[in-house]
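K.L.:
Be aware that the sequence shown starts at 10, since it is given in the numbering used here, and climbs by one per residue.
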Amino acid sequence: MRAAPGLGAALGLGAVLTLLSPPPAPAETFSAMLSVRRALGSEGRLLRRLRAYLRDESRRLRRLARFYEKVQALHQDPKASVDNPLLAFSLIKRLHSDWPNVIYSVEAAENTQALHAGLKEVEQELPGAEDLDGAARALMRLQDVYALSVKGMANGVFQRAGASRPPLYSPSRRVSLSADDCFHVGKCATSQVAYDTGDYYHSIAWLEEAVGLFRLSYGSWNPEDRSSLEDALDHLAFSYFMAGNISHALSLSKEFLLYDPSNQRVARNVVKYEKLLETGTVASAGPLRRPNGTRLQSRDAYEELCQHPGGQPAPEQLPHLGCSYETNGSPYLLLQPAKKEMIRIRPYVALYHDFISDAEAETIKGLAGPWLQRSVVASGEKQQKAEYRISKSAWLKDTADPVVRALEQRIAAVTGLDLRPPYAEYLQVVNYGLGGHYEPHFDHATLSAVEAGGSTAFIHANFSVPVVKNAALFWWNLRRNGDGDEDTLHAGCPVLAGDKWVANKWIHEHGQEFRRPCGANQQD
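1. Since I believe ILE468 is in contact with ALA310 (beta carbons under 8 Å), could you give me their beta-carbon distance rounded to a whole number of angstroms?
2. For ARG235 and SER400, I'd like the C-alpha separation in whole angstroms.
3. Tell whether a beta-carbon distance below 9 Å holds between LEU245 and LEU216.
4. Decide if GLN521 is buried, meaning its Cβ has at least 16 other Cβ atoms within 10 Å, or exposed.
5. Based on the DSSP secondary-structure assignment, which residues constitute the bridge partners of MET351?
6. Which residues does DSSP list as the beta-bridge partners of PHE247?
7. Hey, quick one: how far does the beta strand (DSSP E) through THR465 stretch, first residue to last?
8. Determine contact between the stretch 461-475 and the stretch 503-511, defined as no fewer than three beta-carbon pairs at a distance below 8 Å.
9. Let me make sure I understand the geometry here. Which of ALA163, ARG103, ALA188 and GLU130 has the alpha-carbon closest to that of ARG224?
10. For ARG182, which of PRO136, PHE167, ALA118 and LEU43 has the nearest alpha-carbon?
11. Looking at HIS446: is its Cβ nearer than 9 Å to the Cβ of ALA377?
12. Near PHE523, what residues of its chain come up, given a Cβ to Cβ distance below 6 Å and the 5 sequence neighbours on each side ignored?
13. Could you pull the start and end residues of the beta strand (DSSP E) that GLU495 belongs to?
14. What do you reckon, are the CB atoms on GLU312 and ASP153 nearer than 9 Å?
15. Candidates ALA421, ARG383, TYR268 and ARG429: which alpha carbon is nearest PRO340's?
16. Could you check the C-alpha separation between TYR210 and ARG299 for me, to the nearest Å?
17. Compare the C-alpha of GLU233 against each of MET251, CYS191, TYR249 and SER200 and name the closest.
18. Can you have a look at TYR249 and say buried or exposed, based on whether 16 or more other CB atoms are within 10 angstroms of its CB?
19. Looking only at C-alpha atoms, which of LYS129, GLU434 and ALA415 sits nearest to ALA403?
20. Grab the span of the alpha helix (DSSP H) containing GLU139 for me, first residue to last.
21. Can you name the start and end residues of the beta strand (DSSP E) that GLN437 belongs to?
22. In chain order, what are the residue ranges of uninterrupted alpha helix (DSSP H) at least 4 long that sit wholly in the stretch 77-102?
23. Please report the straight-line C-alpha distance between GLY338 and PRO346, rounded to a whole angstrom.
24. Where does GLU6 fall in DSSP's three states?
25. Where does PRO356 land, buried or exposed, given buried means 16+ other C-beta within 10 angstroms?
26. Name the DSSP bridge partner or partners of LEU487?
27. Might you give, ordered along the chain, the residues of its own chain that have their beta carbon closer than 7 Å to the beta carbon of ASP240, omitting 5 neighbours on each side?
28. Measuring alpha carbon to alpha carbon, tell me which residue in PHE364, VAL194 and SER90 is nearest LYS478.
29. Thinking C-beta only, is LYS406 closer than 9 Å to LEU436?
30. How about SER262 and LEU242: are their beta carbons less than 9 Å apart?
31. Within 10 angstroms of the Cβ of HIS519, are there 16 or more other Cβ atoms? Answer buried if so, exposed if not.
32. Since SER212 contacts GLY195 with CB under 8 Å, what's their CB separation in whole angstroms?
33. Rounded to whole angstroms, what's the CA-CA distance from TYR204 to ARG64? Just pull it up for me.
34. How about LEU428 and ILE373: do their beta carbons lie closer than 9 Å?
35. Check this for me: beta carbons of VAL91 and LEU104, under 9 Å apart or not?
36. Please find out if some non-hydrogen atom of the ligand MG comes closer than 8 Å to the beta-carbon of ARG46.
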């Protein structure tokens, strides 16, 4: 079991660099952007297979078109008569063997089999149902923390709901979601409704988008759709019923029966809803409210800091804040002092700019890549995965590479602390996933460059530090009297866009007695 860290140090490791590493486990692709990028490579292989399939099928279809034109010409030629024994023979031959050959084409089967074989090659690397649900929850997390409009997200715009301000993030290529995409997000929330977690707040918003988009394309086949308007109406009616809006659940169920009048289950729902409305046994539906988990008591403050990185320091701190070149009395830093920026005095938080180079960052990411596993949190004496921490991590010893050893020496120099085992833990490298975050906790969080989001928010101290590429963030988790510093409650805001890599260094209280001695003041 890990000793409780008394001191915290964290450093950013750069951004958006793709690594050539072994493929990830098929599950939990959503929990690290490195895994998502590898999944993109798998889809590239499928695309090449599909291109070959389309090429072969195009040739086959051109031959089918020639067969069609030849037979069609015979049917349209008034001079062509089955009185001609050659034409009669051709007709009989076509109906006996040519048409079955067209319909049950061996070549078509071979082309399809080749496509199936291509899918088999990458099948073990493909995301599973857990990944789809994790990605859906990531979109809902971004919707919540950054107060994003669901309609905007469906249209590829990251705009705050009801706001006229510029989008939080403007991708160079806008990607809209399909009806089926929105359905899967809403369905994920609906499944949580079914287990009495009351998440109809999310399911209704996303399923409304799905229903609207399905209505626009009803009757048209789309190769991306595995669900339908009927599916979306069914789930949306259920969500409205759970939310107490019986009249709207009834309206949607009746619409469902227009498309599938033989569905007895939905027909029974209609009867049930009508009875409930007639007897008046249900209260009128109130406004939709977002479910509030009992775990996150400081949600509003956390989200406000994520949406508006920064925060103003207290007036008494202003004279003490500034930037400087620091050697901390270490010969290691004489030729290249650390670029220190004081962020806050209480709690003590310092940011060291350009703490690591791009080349060092890529080396460390390359070392960690093959070993990334889903990050866990402490649960009693055990460790387990949790929705409030979405990332993958790996641990690197200082013997793994000279770059890791040099980084350890640099941390020891700027902090003045003893990093030798067992006084500190190994370097933990973390890659955040889709909407990757770490909700408020007493420990520490880290930084690296992303396109949007990902700030480190100090909840009780009411400030946040934006992502700074290649920088190191350091603070004391304990006061000099040994008590935990309540002001270091902090969180890693969800990554809205980009690839967030961090490296964490936990430095223990034990072993630092002569480097950071206790103060004479009990309150210090």
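In this text, a Cβ means the ideal position worked out from N, Cα and C, and glycines have one as well.
Here the structure is a predicted model, which is why all the values come from computation and not from measurement.
P.N.:
Concretely, from the data shown:
1. As a position in the sequence shown, residue 310 is number 301, starting the count at 1. As a position in the sequence shown, residue 468 is number 459, starting the count at 1. That belief holds up - the Cβ atoms of ALA310 and ILE468 are roughly 5 Å apart, short of 8 Å.
2. Position 226 of the sequence shown holds residue 235. Position 391 of the sequence shown holds residue 400. Here the alpha carbons of SER400 and ARG235 stand approximately 29 Å from one another.
3. One-based indexing of the sequence shown puts residue 245 at position 236. One-based indexing of the sequence shown puts residue 216 at position 207. It is a contact, given that the beta carbons lie within the stated cut-off.
4. To locate residue 521, count along the sequence shown from 1; it is residue 512. Counting Cβ neighbours within 10 Å, GLN521 comes out buried, since at least 16 surround it.
5. Residue mapping note: residue 351 aligns to position 342 of the sequence shown, counting from 1. Answer is ALA359.
6. Counting from 1 along the sequence shown, the entry for residue 247 is found at position 238. Answer is none; PHE247 lacks a bridge partner.
7. As a working mapping, residue 465 is identified with position 456 in the sequence shown. That run of the beta strand (DSSP E) goes 465-467.
8. Taking a cut-off of 8 Å on C-beta distances, the stretch 461-475 touches the stretch 503-511, as three or more cross pairs fall below it.
9. As a working note, residue 224 is residue 215 in the sequence shown. Answer by Cα proximity: ALA188.
10. Mapped onto the sequence shown, residue 182 falls at position 173. The shortest Cα separation from ARG182 among PRO136, PHE167, ALA118 and LEU43 belongs to PHE167.
11. In the sequence shown, residue 446 corresponds to position 437, counting from 1. In the sequence shown, residue 377 corresponds to position 368, counting from 1. In this structure, ALA377 does not lie closer than 9 Å to HIS446 by Cβ.
12. If you number the sequence shown from 1, residue 523 lands on position 514. Closer than 6 Å at the Cβ level, and outside the excluded window around PHE523, lies no residue.
13. Position 486 of the sequence shown, counting from 1, holds the residue named residue 495. Neither: GLU495 is in no beta strand (DSSP E) and is coded neither H nor E.
14. Here residue 312 corresponds to residue number 303 of the sequence shown, with the count starting at 1. Here residue 153 corresponds to residue number 144 of the sequence shown, with the count starting at 1. Yes, the Cβ-Cβ distance between GLU312 and ASP153 is below 9 Å.
15. Translated into positions along the sequence shown, residue 340 becomes position 331. The option with the nearest alpha carbon to PRO340 is ALA421.
16. Along the sequence shown, read from residue 1 onward, the residue named residue 210 stands at position 201. Along the sequence shown, read from residue 1 onward, the residue named residue 299 stands at position 290. Rounded to the nearest angstrom, the two C-alpha atoms are 5 Å apart.
17. Reading the sequence shown from its first residue, position 224 is the one you call residue 233. Closest by alpha carbon: CYS191.
18. Taking the first residue of the sequence shown as 1, we reach residue 249 at position 240. When all chains shown are included, TYR249 counts as buried.
19. Here residue 403 corresponds to residue number 394 of the sequence shown, with the count starting at 1. Here the closest residue by C-alpha is GLU434.
20. Here residue 139 corresponds to residue number 130 of the sequence shown, with the count starting at 1. It spans 138-154 - the alpha helix (DSSP H) in which GLU139 sits, taken as one unbroken run.
21. Indexing the sequence shown from 1 puts residue 437 at position 428. Start and end: 436-441.
22. 94-102
23. Counted from its first residue, the sequence shown places residue 338 at position 329. Counted from its first residue, the sequence shown places residue 346 at position 337. If you take the alpha carbons of GLY338 and PRO346, they lie about 10 Å apart.
24. Since the first residue of the chain shown is 10 and the last is 533, residue 6 is not available in this structure.
25. Sequence index remark: in the sequence shown, residue 356 carries index 347 (1-based). Buried, because 16 or more other Cβ atoms sit within 10 Å of the Cβ of PRO356.
26. For the purposes of this step, residue 487 is identified with residue 478 of the sequence shown, where counting begins at 1. DSSP lists GLY493 as partners of LEU487.
27. Walking along the sequence shown from the start, residue 240 turns up at place 231. Around ASP240: PHE192.
28. As a first step, residue 478 is located in the sequence shown; it is residue number 469 there, counting from the start. Comparing Cα-Cα distances from LYS478 to each of PHE364, VAL194 and SER90, the minimum goes to PHE364.
29. On the sequence shown, residue 436 is found 427 positions in, with the first residue counted as 1. On the sequence shown, residue 406 is found 397 positions in, with the first residue counted as 1. Contact flag set, yes.
30. In the sequence shown, residue 262 corresponds to position 253, counting from 1. In the sequence shown, residue 242 corresponds to position 233, counting from 1. Yes, Cβ-Cβ distance for SER262 and LEU242 is below 9 Å.
31. Position 510 of the sequence shown, counted from the start, is the residue given in the question as residue 519. Around the C-beta of HIS519, fewer than 16 other C-beta atoms lie within 10 Å, and the residue is accordingly described as exposed.
32. Numbered from 1 along the sequence shown, position 203 holds the residue referred to as residue 212. Numbered from 1 along the sequence shown, position 186 holds the residue referred to as residue 195. Rounded, the Cβ-Cβ distance is 5 Å, consistent with contact.
33. Position 195 of the sequence shown, counted from the first residue, corresponds to residue 204. Position 55 of the sequence shown, counted from the first residue, corresponds to residue 64. With a pLDDT of 44 at TYR204, under the threshold of 50, the modelled position of that residue is not reliable, and the figure given next carries that caveat. Straight-line Cα distance between these residues: approximately 47 Å.
34. Numbered from its first residue, the sequence shown carries residue 428 at position 419. Numbered from its first residue, the sequence shown carries residue 373 at position 364. For LEU428 and ILE373, no; Cβs fall outside 9 Å.
35. Along the sequence shown, read from residue 1 onward, the residue named residue 91 stands at position 82. Along the sequence shown, read from residue 1 onward, the residue named residue 104 stands at position 95. Judged by beta-carbon spacing, LEU104 lies beyond the 9 Å limit of VAL91, meaning their Cβ atoms are not closer than that value.
36. For the ligand MG, the structure offers nothing, since it holds no ligand at all.
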